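Take a look at the structure set out below.
Residue numbers (my numbering): 852 to 1287.
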């Protein structure tokens, strides 16, 4: 055994020991597990990770460990037909890879980062109250938003400055993005759109929490402003969409007075920041316009989608960057999914999204379902990049689990209303003995 092999073996043994210790800590308490997951998601960049056969970002590692630490709770989960859709999508992807119809990197991402985050969101409500989870997300992403505002004010990204790495992911995601001469905040998320869209998810979840109205409002306003200073139209639209959808349809958790007041407050805030946002986009010249035009041109790729597997002229780099034909990237998650896995699994995804939209329109959606529906604009304008992929899939799993529980409660209430009232019979009076 050479010295380098010995060093590699020693590093692997140390990594396994660290993972075992972390896993043992996560097993002690579901709340600790969720808080640890949120810490890594919010404050550890994508370029921090470990290569073992493939590259595992820190957020993927903690996602898999956290989900695994909760697996014994699977026995107590209420399952639904929606779970079969997700299982079918996963099985199709794996079979496609075995038949060499799709790429290893795409299948790996789906089986680890995406599936792990979905599973975590799906099972966590069996051991923790959903509204506690919403509150935890709200607290952590309020800190994320505050750091984004600080980044905008100082022009310094703490994560790219103090957490560096000598790897391809740092080269791709470690750079800063100016727009109109102003730094676009991106926090630890590696991209301003990933930051803004993740904050959009957090806004809807926070509105479903148990926090007092004043505190809840302050957190939401801070997150919306964090999305604004990302200067990502997608981030701003998803954050605003979360507020609007929650105010219109989250009637069980929010009073009418609160919903009306929050809408008015957001409208006033939008008017105040409009000048700033408009000036930045005007100063950026044709950059923002060109970005929007590029995304519209991507629709040409719809004709490339096969029933199963990869489209023609498709290639993926070692850092999961996708190119097809003349397009150097595909900034459209739904389109990209179809180009990688085919239109058959894509139809399953679209059916699930349509089901979520229907729940929202019927006024029966949970905060997590509203968070997912509010992300539809992001799904057609950005790929599932960095931690945003984990945040979104966690929200999807949380939407399924909370919706299943809400549906069960709704059925129980309807059954109780249909049940005829129990008639109570008075006991007959004993006859007095006859007089003798």
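C-beta: ideal position from N, C-alpha, C; glycine also.
If you're wondering where the values come from, they're calculated on a predicted model, not measured in any experiment.
From residue i to residue j, what does the alpha carbon distance come to, in whole angstroms?
i: residue 871; j: residue 956; result: 26 Å
i: residue 1048; j: residue 1000; result: 15 Å
i: residue 869; j: residue 1262; result: 46 Å
i: residue 1142; j: residue 915; result: 34 Å
i: residue 1146; j: residue 1230; result: 12 Å
i: residue 1186; j: residue 1269; result: 46 Å
i: residue 1166; j: residue 1236; result: 17 Å
i: residue 1015; j: residue 1056; result: 31 Å
i: residue 887; j: residue 1082; result: 29 Å
i: residue 913; j: residue 995; result: 18 Å
i: residue 1281; j: residue 1254; result: With a pLDDT of only 45 at residue 1281, under the threshold of 50, the placement of this residue in the model should not be trusted; the figure read from the coordinates follows. Cα to Cα, the separation comes out at about 55 Å.
i: residue 1195; j: residue 1158; result: 6 Å
i: residue 1248; j: residue 1038; result: 25 Å
i: residue 1212; j: residue 1267; result: 25 Å
i: residue 963; j: residue 910; result: 11 Å
i: residue 1190; j: residue 1234; result: 12 Å
i: residue 984; j: residue 952; result: 38 Å
i: residue 929; j: residue 997; result: 37 Å
i: residue 876; j: residue 884; result: 8 Å
i: residue 864; j: residue 1125; result: 54 Å
i: residue 1259; j: residue 1215; result: 12 Å
i: residue 1117; j: residue 989; result: 18 Å
i: residue 1011; j: residue 1036; result: 11 Å
i: residue 954; j: residue 948; result: 6 Å
i: residue 970; j: residue 889; result: 15 Å
i: residue 1040; j: residue 1127; result: 23 Å
i: residue 1112; j: residue 1148; result: 40 Å
i: residue 1178; j: residue 1130; result: 30 Å
i: residue 1005; j: residue 1034; result: 9 Å
i: residue 866; j: residue 902; result: 11 Å
i: residue 976; j: residue 1182; result: 32 Å
i: residue 1285; j: residue 1265; result: Summary for residue 1285: the model assigns pLDDT 47, below 50, so the residue's position carries little reliability, and this model does not support an answer.
i: residue 1132; j: residue 874; result: 46 Å
i: residue 1054; j: residue 861; result: 44 Å
i: residue 1080; j: residue 1223; result: 22 Å
For the ligand MG, any of its heavy atoms closer than 8 Å to the Cβ of residue i?
i: residue 881; result: Of ligands this structure carries none, so the ligand MG is not represented either.
Is the CB of residue i under 9 Å away from at least one CB in chain C?
i: residue 1183; result: Absence of chain C from the displayed structure is noted, only one protein chain being present.
Among the options, which residue has its Cα nearest to the Cα of residue i?
i: residue 1242; options: 1098, 1119, 991; result: 991
i: residue 1123; options: 1076, 1145, 1113; result: 1076
i: residue 941; options: 931, 923, 960; result: 960
i: residue 1221; options: 1205, 1234, 1233; result: 1205
i: residue 1029; options: 1019, 1014, 1003, 1010; result: 1003
i: residue 1046; options: 1062, 1088, 982; result: 1088
i: residue 1097; options: 1051, 1086, 1134; result: 1051
i: residue 1095; options: 972, 1209, 1225, 958; result: 1225
i: residue 1203; options: 1039, 1244, 1100, 922; result: 1244
i: residue 1252; options: 1126, 1041, 973; result: 973
i: residue 1061; options: 1106, 1120, 1019; result: 1106
i: residue 1101; options: 864, 945, 1219, 1228; result: 1219
i: residue 1019; options: 975, 1006, 965, 905; result: 905
i: residue 1192; options: 903, 1144, 1092, 1163; result: 1163
i: residue 1120; options: 1072, 1109, 1150, 1161; result: 1072
i: residue 932; options: 921, 1132, 1199; result: 1199
i: residue 1161; options: 1109, 982, 1175; result: 1175
i: residue 965; options: 1256, 1188, 1009; result: 1188
i: residue 1058; options: 1238, 1043, 982; result: 982
i: residue 1084; options: 1151, 1063, 1232, 1156; result: 1232
i: residue 1115; options: 1091, 1134, 1103; result: 1091
i: residue 880; options: 1063, 918, 908; result: 918
i: residue 923; options: 967, 958, 978, 968; result: 978
Name the one or two DSSP bridge partners that residue i has.
i: residue 906; result: 902
i: residue 1175; result: 1165, 1178
i: residue 823; result: This structure cannot speak to residue 823, because the chain is shown only from 852 to 1287.
Is there contact between the segment 934-949 and the segment 880-898, where contact requires at least three CB pairs shorter than 8 Å? no
Does the segment 1025-1034 come close enough to the segment 1060-1074 that 3 or more CB-CB pairs lie under 8 Å? no
My parser needs the beta strand (DSSP E) runs of 3 or more residues fully inside the segment 1059-1118; what are they? none
In the segment 939-1026, which residue ranges form an unbroken alpha helix (DSSP H) of at least 4 residues, counting only runs that do not cross its ends? 955-960, 966-974, 981-1005, 1009-1013, 1019-1024
In chain order, each alpha helix (DSSP H) run of at least 4 residues that lies wholly inside the segment 1185-1245: 1194-1212, 1218-1225, 1227-1230
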